[in-house]
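This report refers to the structure that appears directly beneath it.
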Amino acid sequence: MTRPASSRAPLAARLSLPFNVWNALTIGIALIVALPVIVVLAHLFVPAEGIWQHLASTVLPRYLGNTLFLVVTVGVGTFVIGTGTAWLVVMCRFPGRRLFEWGLLLPLAVPTYVIAYAYTDFLQFAGPVQTWLRDSFGWSAGDYIFPNIRSLGGAAALITLVLYPYVYMLTRAAFLEQSVCVLDVGRTLGRGPWRLFTSVALPLARPAIVGGVSLALMETLNEFGAVQYFGVDTFTTGIYRTWFGMGEQVAAAQLAACLLAFVIALVLLERASRGKRRYFHTTGRYQHLPEFALHGWRAWAATLACLMPVLLGFLIPSGLLGYLSVQGGDALFGPAFLDFAGNSLLLASLASIVAVSLALLLSYGARLHPGKVTRVATRVAAMGYAVPGSVVAVGILIPFVWLDHQINDFMKAQFGVVAGLLLSGSAFILVYAYLVRFLAVSFNAIEASLGKVTPSMDAASRTLGQTAGGTLRKVHTPIMRGSLIAAGILVFVDVMKELPATVILRPFNFDTLAIRAHNLAADERLAEASTSSLAIVAVGILPVILLSIAMRRSRPGSR
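Going by the UniProt record's numbering, the first residue of the sequence shown is number 1, and it counts up by one from there.
Laid out in structure tokens, this is it:
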């Protein structure tokens, strides 16, 4: 009996994916990124020898409750601030609007743990605010009640202040792209700025808003430095405490799996809420829409609404850090501080080079051989940004510690020497963790740039005898140089700010600026921590400049 032709065809052919080196690279990169997640999920089925029951009956409800509170509060806060300010700068005319267009991005340069250190020094009992209150009104400690910034509510407020730019950035772009015809219809029906915003612009911008809020919530789930410093128990601090405080590897991995479940639930909830709905503009006419001119108290209210997030999220903490650095600063400022900065620069440079290189190969492989497997592989490779750094760290540390033990056993048996922690004690696993976390950042930028290169260039290059690799090297790379540099800068800055993965995976006696600031703040040496913190903020301004330039060019012209 003759079998059907489809059953005789190779699997790769049936999936419309001919196997070659580019497909192998794409699948290999996806597997590299997926390894930590696979390791964490596999530990769900490993017995924890009673420690899990102890965690579930003592601290797990607190981890769950605090994490949920942060997710809900930050989600609502970033939505309100991000969408409100985006609408004001796009559709209204008021004093300072042009300045706020890019100024509202500035809090993105401040890591959450840095703003936590700054406001703690500013608002604590011995800080300038409470000291001024006591001196001005003659109060003593028991005469007034002052909110404690080092609390769950304080953590939620500060995280919101530095993460709302994700929502602002995407929502502003969505508002700029909305058709003038749709908004004109709303205005001719007599709808003012508020009703036009709520009934027309907001529904059309929903995908962008949900995308921005999702990014903010993923960063919230990844948060470690601020919540640990404030003494707020969440899954990220619980993972660190369970591994390093209790020495329970399996239980830490299972907590990491719970945190990963939060991320998966967040993604599924967003997709379920969207359902099969799609959002389109039914006209291609884009032209400048006259803004709503605000006058009197409304104009100044709009200015104040845009000023407060910038003031609270960037200007005040940056000013405080600058003041503390001048007044005291790091006692090791000098050669030792340069070592910390050098370690940060080395890790960030290596990670950005590797991430950009792999993202370029990944996006080019997907361009050459589109298909089901390639599509799945690219999605897997780009999922790392959604996985919290503590989860990535645990998923990397477990297999590499096991591998180090195997190497040590072999070296002792064969040569009588102890090899030490060749892998898990080196900077290699740090770069690997950064690659898993931030490959998506470079991939998204490079894929968008590569998509703008016409396929006819590929065909012309191949007819001139160039291989696929030669075409990538001699044609695409020079054209995409600007996007490659921008992608590298974004990864570089993210690595400089990353704390949870760095704290867990760093080699012994290997400190970065983030680790230095974290350690000094943990010892309540906030003035000394300000120097490293200010350096991180200064580096973080780089992507803000890139984003502001891109946003300035983003309004469509007349069609």
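A virtual CB, placed ideally from N, CA and C, is assigned to each residue, including glycine.
Open item on the list: Here's the rule: buried if 16 or more other CB atoms are within 10 angstroms of the residue's CB, otherwise exposed. What is I145?
Closed with: exposed
Open item on the list: Does residue 600 pass the burial test, meaning 16 or more other C-beta atoms within 10 Å, or should it be called exposed?
Closed with: This structure does not reach residue 600, given that the chain is present from 1 up to 559, and the question cannot be answered.
Task: Span separating the alpha-carbon of L484 from that of L361 - done: Cα-Cα distance, rounded: 12 Å.
Task: Beta-carbon separation (whole angstroms), L346 vs R93, contact threshold 8 Å - done: Actually they are not in contact, since the Cβ atoms of L346 and R93 sit about 47 Å apart, beyond 8 Å.
Task: Assigned secondary structure, A205 (DSSP; H/G/I helix, E/B strand, else coil) - done: coil
TODO: Would you tell me roughly how many angstroms separate the C-alpha atoms of Y385 and L320, rounded to the nearest one?
DONE: 31 Å
TODO: Spell out the partners DSSP gives N92 in its beta bridges.
DONE: The amino acid at residue 92 is misidentified as Asn; the sequence shows Cys. F292.
Task: Other residues of its chain near K474: CB distance less than 8 Å, five sequence neighbours each side excluded - done: S461 and Q466
- [ ] Report all residues from its chain with a CB closer than 7 Å to the CB of L366; omit the five preceding and five following residues, and keep chain order.
- [x] Going by the sequence as given, residue 366 is Ala instead of Leu. So the list reads T26, T374 and T378, once near-sequence residues are dropped.
Open item on the list: What does the alpha-carbon distance come out to for the pair L259 and G395?
Closed with: 12 Å
Task: Candidates G212, F175, M218 and F224: closest to A201 by CA position - done: F175
Task: Exposure label - P455; buried when at least 16 CB within 10 Å - done: exposed
- [ ] Could you pull the start and end residues of the alpha helix (DSSP H) that H518 belongs to?
- [x] Here the alpha helix (DSSP H) through H518 covers L513 to A522.
- [ ] Specify the secondary structure class of W52 as computed by DSSP and reduced to three states.
- [x] helix
Open item on the list: Closest to S357 by C-alpha separation, out of A419, V380 and L439, would be which residue?
Closed with: L439
Task: Between the CA atoms of S214 and G77 - distance to the nearest angstrom - done: 13 Å
TODO: Might you give, ordered along the chain, the residues of its own chain that have their beta carbon closer than 8 Å to the beta carbon of F69, omitting 5 neighbours on each side?
DONE: L152 and A156
Open item on the list: Once DSSP output is grouped into helix, strand and coil, what is the label at F79?
Closed with: helix
Open item on the list: Using 8 Å as the threshold, is the C-beta distance between V537 and A116 below it?
Closed with: no
Open item on the list: Going by DSSP, what residue range makes up the alpha helix (DSSP H) through T26?
Closed with: V21 to A42
TODO: Thinking L106 and F400 are a contact (beta carbons under 8 Å), I'd like their distance in whole angstroms, please.
DONE: The Cβ separation is near 38 Å, so there is no contact.
Task: Nearest neighbour of V387, chosen from Y63, G420 and A265 [CA to CA] - done: A265
Task: Spatially closest choice to L99 from F333, S352, T303 and R62, by CA coordinates - done: When the alpha-carbon of L99 is set against those of F333, S352, T303 and R62, the nearest one is in T303.
Task: Distance CB(A517)-CB(A529) smaller than 8 Å - done: yes
Open item on the list: Given 7 Å as the limit, tell me if A156 has its C-beta closer than that to any heavy atom belonging to the ligand NAD.
Closed with: You won't find the ligand NAD in this model; it holds no ligand whatsoever.
TODO: Taking all protein chains shown into account, decide if N509 is buried (16 or more other Cβ within 10 angstroms of its Cβ) or exposed.
DONE: exposed
- [ ] Tell whether a beta-carbon distance below 8 Å holds between Y113 and L499.
- [x] yes
- [ ] Taking V495 as the reference, give the member of N519, P543 and R525 with the closest Cα.
- [x] Out of N519, P543 and R525, P543 has the C-alpha closest to the C-alpha of V495.
Task: With 16 other Cβ atoms within 10 Å as the buried cut-off, status of F45 - done: With fewer than 16 other beta carbons inside 10 angstroms of its own, F45 counts as exposed.
Open item on the list: Spatial neighbours of A30 within its chain, please: C-beta separation below 6 Å, excluding the five flanking residues on both sides.
Closed with: Contacts found: A377, V380 and A381.
Task: Rounded C-alpha distance that separates A355 from S442 - done: 7 Å
Task: Inter-residue spacing [alpha-carbon to alpha-carbon] between V491 and S352 - done: 5 Å
Open item on the list: Just verifying my parser: in three-state terms, what is the DSSP assignment at R14?
Closed with: Confidence in R14 is poor, its pLDDT being 40 and thus under 50, which makes the residue's placement unreliable; the coordinate value appears in the next sentence. R14 falls in the helix class under three-state DSSP.
Task: Beta-carbon proximity check, F244 vs T236, cutoff 8 Å - done: No, the Cβ-Cβ distance between F244 and T236 is not below 8 Å.
Open item on the list: Using a Cβ-Cβ cutoff of less than 7 Å, which residues in the same chain neighbour N66 once the five nearest sequence positions on both sides are dropped?
Closed with: So the list reads L152, V232, D233 and T234, once near-sequence residues are dropped.
Open item on the list: Since Y168 and L104 should fall inside the 8 Å C-beta cutoff, what is the C-beta to C-beta distance between them, to a whole number of angstroms?
Closed with: 5 Å
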